[in-house]
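Data block below; observations after.
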Amino acid sequence: MTRPLMPKATALWLINHTRLTLEQIAHFCGFHPLELSVLQEGKTIQELSPLVNGQLTQEEIARCEADPKAHLTLMLQEEIKKGTPKKYTPLAKRNEVPNAVLWIIRTMPEVSDAQICSLLSTTKTTVKAIREGIHWNFKNLTPKDPLSLELCSQESLLAILPDLEPKNPL
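Positions 16 to 185 (my numbering) are the ones given, in order, by the sequence shown.
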């Protein structure tokens, strides 16, 4: 069983703020109930709320308070994380992103700005400026294939336009 972060501090918070039994808290935090009774009397550490750091929900606590034989279930980190992390573009390749945007705009004009942003990890402002020709460095941009620049994979490029074939750039 995985244990919560800072199990003693979490156990102390659960003791002080819930009506859970010592056995339930001990099982959740991985302690013996006698260790918790000593911890409850000693108060040598600062408590940590498992609600704030997303390891438990209030519903889970209420469920176990209603049934003393029930065990708390730790929320997995995959459940806590929301959204997808941003794709990292190395510093050496960031100058090439506007060139790749220009290539996509010229070869596949039907692609939306949002799709280009998610594919190349750029902003809508940059894509819009290149599309309108008002990008600060527009005169120096040359269309370059994002695959050859290694800014995206072929699968991700085809995912935004699965039924269209790219045209040759100007």
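Glycine included, every Cβ here is placed at the ideal spot set by N, Cα and C.
Between residue i and residue j, is the Cβ-Cβ spacing less than 8 Å?
| i | j | result |
| --- | --- | --- |
| proline 113 | isoleucine 149 | no |
| leucine 35 | glutamate 74 | no |
| glycine 57 | proline 22 | no |
| leucine 156 | lysine 108 | no |
| glutamine 39 | leucine 89 | no |
Determine the closest residue to residue i out of the options, with distance taken between C-alpha atoms.
| i | options | result |
| --- | --- | --- |
| asparagine 152 | Pro48, Asp160 and Val142 | Val142 |
| glutamate 62 | Ala85, Leu164, Ala107 and Thr33 | Thr33 |
| leucine 173 | Pro105, Thr157, Ile131 and Pro48 | Ile131 |
| serine 171 | Thr138, Lys154, Leu134 and Leu164 | Leu134 |
| proline 158 | Ser136, Leu117, Thr140 and Lys139 | Leu117 |
| arginine 121 | Lys102, Tyr103, His86 and Asp160 | Asp160 |
| serine 163 | Val126, Val53, Ile30 and Ile119 | Ile119 |
| alanine 85 | Phe43, Val53, Thr137 and Leu51 | Phe43 |
| leucine 176 | Glu147, Val126 and Ala41 | Val126 |
Quick check on the burial criterion: 16 or more other C-beta atoms within 10 angstroms. Buried or exposed for residue i?
| i | result |
| --- | --- |
| serine 168 | exposed |
| glutamate 94 | At glutamate 94 the pLDDT is 48, less than 50, meaning the model places this residue with poor confidence and gives no usable figure here. |
| valine 67 | exposed |
| threonine 17 | exposed |
| isoleucine 60 | exposed |
| alanine 77 | exposed |
| proline 124 | exposed |
| alanine 129 | exposed |
| threonine 137 | buried |
| asparagine 31 | exposed |
For the putative contact between residue i and residue j, defined by C-beta atoms under 8 Å, what is the C-beta separation to the nearest angstrom?
| i | j | result |
| --- | --- | --- |
| proline 19 | glutamine 70 | 5 Å |
| proline 65 | tryptophan 28 | 7 Å |
| alanine 26 | leucine 51 | 6 Å |
How far does the alpha helix (DSSP H) with residue i in it reach, from first residue to last?
| i | result |
| --- | --- |
| glutamate 56 | 48 to 57 |
| leucine 29 | 22 to 32 |
| cysteine 132 | 128 to 135 |
| asparagine 114 | 112 to 122 |
| histidine 42 | 37 to 44 |
| cysteine 79 | 73 to 81 |
| valine 142 | 139 to 147 |
| threonine 64 | Looking at the sequence shown, residue 64 is not threonine but serine. Taken as a continuous stretch (DSSP letters only), serine 64 belongs to no alpha helix (DSSP H), as it is neither H nor E. |
| arginine 109 | 106 to 109 |
| glutamine 70 | No alpha helix (DSSP H) holds glutamine 70; DSSP gives it neither H nor E. |
| glutamate 170 | 169 to 175 |
With hydrogens ignored, establish whether the beta-carbon of residue i is closer than 7 Å to any heavy atom of the ligand NAP.
| i | result |
| --- | --- |
| arginine 78 | As for the ligand NAP, it is missing from this structure, which has no ligand bound. |
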